[in-house]
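Quick notes on the structure that follows.
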Amino acid sequence: MKKFFLACLFAWATCLQTFAQSDIEMATGLRSSGKIYVVVLVILVIFIGLAIFLFGLDRRITKLEKNQDTK
1 MKKFFLACLF AWATCLQTFA QSDIEMATGL RSSGKIYVVV LVILVIFIGL AIFLFGLDRR
61 ITKLEKNQDT K
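For the sequence shown, UniProt numbering begins at 1 and goes up steadily by one.
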């Protein structure tokens with residue numbers, strides 16, 4: 001079992017090294033045309049919206065917990 005685990009680990013490490021050496025053509029194309037900024041902006045808006053939603057949800061849950069404790 002130990003040999004199998006080590007063989008899998010070695011194969012995984014080899015694959016990672018191969019992927020790290022390859023050139024990412026999509027990112028290069030997006031960067032050269034200036035569209036990478038649009039992608040980054042969309043991801044940023046999604047994360048900010050998600051953070052606002054989670055903070056609001058936490059605030060509402062905290063209010064509900066306080067109301068439940070007082071009853």
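Note that beta-carbon positions come from the ideal geometry of N, C-alpha and C, so glycine has one too.
Computed from a predicted structure; not experimentally measured.
- Between the C-alpha atoms of I43 and S32 there is a straight-line separation of about 19 angstroms.
- Apart from the 5 residues on each side of it in sequence, E65 has no Cβ closer than 8 angstroms to any other Cβ in its chain.
- Rounded to whole angstroms, the gap between the alpha carbons of L41 and M1 is 47 angstroms.
- Look at M26 here: in three-state DSSP terms it is helix.
- For G56, the enclosing alpha helix (DSSP H) has its first and last residue at I36 to T70.
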